[in-house]
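Residue numbers (our numbering): 396 to 617.
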């Protein structure tokens, strides 16, 4: 099995690969594309290009797509849970009954929340102060090796629901379920470039992602 990057809606091979291992058996599960600065630059460029149209989309439409993605995850819980168990060593009772269903719920929850955002007004005798909330742009989302799928959705769901675009980098120790997340996002109708996924090691992919001048926010766990 080969796991590729997802950049601008397309599967992209890496110039190099690394293996992801089943921690229970030490069996090789997949060959994973190893990303570097070139792949990061391409992913950020795709996210930046997709941002204006995605941010301008009505919140109700983004919410509809988030709900669709949550429904697709819920429909594939057994498959995703098995993959997560093989890649992380977590027991299937936890991945199948808790973590992957929670991942689906993350999209449902933030689909609801993104339609409720409003500003505040602060009238004074001489003028009116008010607040508005706007998407910030491209976000770098870095997820840890433990609970990778649920944690990734915990970052991706609010990021996308509120009009931002994303480059997601998973831990090199457990990258498999992110590939499925990318596939389901496209199936749900989320436009290409809104969610990009780059695999690789921290120094090679994570560091250039965090240092990229077009990244406006970073969410890091690990």
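Ideal placement from N, C-alpha and C gives every residue a C-beta, glycine not left out.
For clarity, every value in this text was computed on a predicted model and none was experimentally measured.
Hey, residue 407 and residue 610: beta-carbon distance below 8 Å or not? With contacts defined by Cβ atoms closer than 8 Å, residue 407 and residue 610 do not form a contacting pair.
Shorter than 7 Å, the distance from the beta carbon of residue 608 to the closest heavy atom of the ligand SAH, or not? Questions concerning the ligand SAH fall outside what the structure shown contains, since it holds no ligand whatsoever.
For residue 474, count the other beta carbons within 10 Å of its own beta carbon; 16 or more makes it buried, fewer makes it exposed. Which is it? Its Cβ having fewer than 16 others within 10 Å, residue 474 is exposed.
For the segment 488 to 575, which segments carrying the alpha helix (DSSP H) assignment without a break, of at least 4 residues, lie completely within its bounds, in sequence order? Correct list: 495 to 508, 543 to 556.
In the DSSP output, which residue or residues are listed as bridge partners for residue 401? 406, 592
Taking residue 412 as part of the beta strand (DSSP E), name the residues at either end of that continuous run. 411 to 416
Assuming residue 600 contacts residue 593 under a Cβ cut-off of 8 Å, what Cβ separation, rounded to an integer in Å, is found between them? 5 Å
Short of 8 Å in beta carbon distance, which residues of its chain neighbour residue 494, apart from the five on each side in sequence? Order them along the chain. 476, 479, 485, 542, 544, 545
Using the three-state DSSP reduction, which class does residue 429 fall into: helix, strand or coil? strand
How many angstroms separate the CA atom of residue 488 from the CA atom of residue 496? 11 Å
If you check the beta carbons only, do residue 591 and residue 441 fall under 8 Å apart? Taking 8 Å as the cut-off, the beta carbon of residue 591 is found closer than this to the beta carbon of residue 441.
So the alpha helix (DSSP H) residue 472 belongs to, where does it begin and stop? 472 to 483
With a Cβ-Cβ cutoff of 8 Å, do residue 502 and residue 548 count as a contact? Less than 8 Å divides the Cβ of residue 502 from the Cβ of residue 548.
Quick one: using the 10 Å Cβ neighbour count with 16 as the cut-off for buried, is residue 512 buried or exposed? The residue in question, residue 512, is exposed, as its Cβ has fewer than 16 Cβ neighbours within 10 Å.
Measuring only the C-alpha atoms, how far is residue 375 from residue 425? A query on residue 375 cannot be resolved here, the shown segment of the chain reaching from 396 to 617 and no further.
Expressed to the nearest angstrom, what Euclidean distance is found between the alpha-carbon atoms of residue 448 and residue 401? In this structure, the straight-line span from the alpha carbon of residue 448 to that of residue 401 is close to 19 Å.
Alpha carbon of residue 411 to alpha carbon of residue 522, nearest angstrom: 60 Å
May I ask you to report which of helix, strand or coil DSSP gives residue 486? coil
On a CA-only basis, which of 451, 554, 499, 608 is nearest residue 468? Give me that one, please. 499
For residue 585, report the span of its beta strand (DSSP E) as first-last. Taken as a continuous stretch (DSSP letters only), residue 585 belongs to no beta strand (DSSP E), as it is neither H nor E.
Considering just the uninterrupted stretch of the beta strand (DSSP E) at residue 612, what are its terminal residues? If you look at residue 612, you'll find it in the beta strand (DSSP E) that goes 610 to 615.
Spatial neighbours of residue 463 within its chain, please: CB distance less than 6 Å, with the 5 preceding and 5 following residues excluded, ordered by chain position. 583
By DSSP's criteria, residue 423 is part of a beta bridge. Which residues make up the other side? 416
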